[in-house]
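In the numbering used here, the protein residues as written are 2 to 273. Heads up: the structure comes next, in structure tokens.
This is how it looks when you write it as structure tokens:
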């Protein structure tokens, strides 16, 4: 009889313990996650960081918008957990032990002032504008005005992607070289004769994105490949360095199916 009562009591304790455990919410990770790099990735990384820390309140998540080249260097020398790049790694960077993981794909929008009458440019016309072969808007159906050519600084992933796709590497003749996506947009907004390029995810109604060979930049045209000027958003890590628990948890979340809606909401195309 005593054995039977003991068995019943033990069963009750186990059941109560199981119910208690099942009712508890799993504890989130804690610690710091430092990201550094591409200014074009600000919106998507900001959105992912916000969603991640909402579920992991003890994580201190930071993003430092320094440009792709700087983000890659920071990942290499260990001053950040995850570097951010809007271009693929070069061979010499891979030789430093760096690894790249594609987070998403983004279109590079060619932008003009909203008062500009030009709505479409061919890829060749864009190349000719940036190399100085076309210097007046009237040559591409616009007003009789000199084209003010705006670009990004050396080391920018956006610049690297734009020049490699348009075939204008080391040949661009720029009026201004700016150090962030926001600066390019603001400059084009304020100058009726300016042209620039910027991450599709960052373009707003203050400027106009022209169609390229008749195709508008959008998540759909980036995904199906019909929009020509597009590039990857990369997460950069060191192959021989283990991420902290918090950084690994963020990396896992950013690449999960759960994060795809957040990435799409930021205006870029998640990896399938």
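Ideal Cβ placement from N, Cα and C applies to all residues, glycine included. The structure displayed is predicted, hence computed values, not measured ones.
Bridge partners - residue i, DSSP secondary structure assignment
i           : result
residue 53  : None; residue 53 has no bridge partner.
residue 235 : 86, 103
residue 178 : 152
residue 197 : 112
residue 169 : According to DSSP, which records beta bridges pairwise, residue 169 is partnered with nothing at all.
residue 117 : Answer is none; residue 117 lacks a bridge partner.
residue 137 : 147
Three-way DSSP call (helix, strand, coil) for residue i in this model
i           : result
residue 223 : helix
residue 78  : helix
residue 272 : coil
residue 26  : Any reading at residue 26 must be qualified, since the residue scores a pLDDT of 32, below 50, and its modelled position is unreliable; the value itself is stated next. It is coil, neither helix nor strand.
residue 214 : coil
residue 185 : helix
residue 35  : strand
residue 160 : helix
residue 20  : Low confidence applies to residue 20: its pLDDT is 36, below 50, so where it sits in the model is not reliable enough to give any reading.
residue 125 : helix
residue 151 : strand
residue 258 : helix
residue 253 : helix
residue 47  : helix
residue 228 : coil
residue 209 : strand
residue 263 : helix
residue 63  : strand
residue 190 : helix
residue 94  : helix
residue 70  : helix
residue 240 : coil
residue 132 : coil
residue 245 : coil
residue 202 : helix
residue 12  : Residue placement at residue 12 is flagged as unreliable, the pLDDT there being 42, under the threshold of 50; the coordinate-derived value follows with that caveat. Of the three classes helix, strand and coil, the one that applies to residue 12 here is helix, per DSSP.
Proximity below 8 Å, CB of residue i to CB of residue j
i           : j           : result
residue 74  : residue 158 : no
residue 119 : residue 111 : no
residue 202 : residue 44  : yes
residue 240 : residue 98  : yes
residue 235 : residue 86  : yes
residue 46  : residue 232 : no
residue 270 : residue 223 : yes
residue 213 : residue 229 : yes
residue 58  : residue 32  : no
residue 138 : residue 148 : yes
residue 238 : residue 51  : no
residue 63  : residue 208 : no
residue 245 : residue 82  : yes
residue 124 : residue 167 : yes
residue 130 : residue 188 : no
residue 60  : residue 247 : yes
residue 41  : residue 107 : yes
Check: residue i C-beta below 7 Å from any heavy atom of the ligand NAP
i           : result
residue 195 : Looking at this structure, you won't find the ligand NAP or any other ligand, since it has none at all.
Checklist entry - So, do the region 255-264 and the region 127-139 have three or more beta carbon pairs nearer to each other than 8 Å? => result no
Next on the checklist: Three or more C-beta pairs under 8 Å: does that hold for the region 180-199 against the region 155-172?
Outcome noted: yes
Checklist entry - Taking three-plus beta-carbon pairs below 8 Å as touching, is the region 166-183 in contact with the region 137-146? => result Output reads no: the region 137-146 does not touch the region 166-183.
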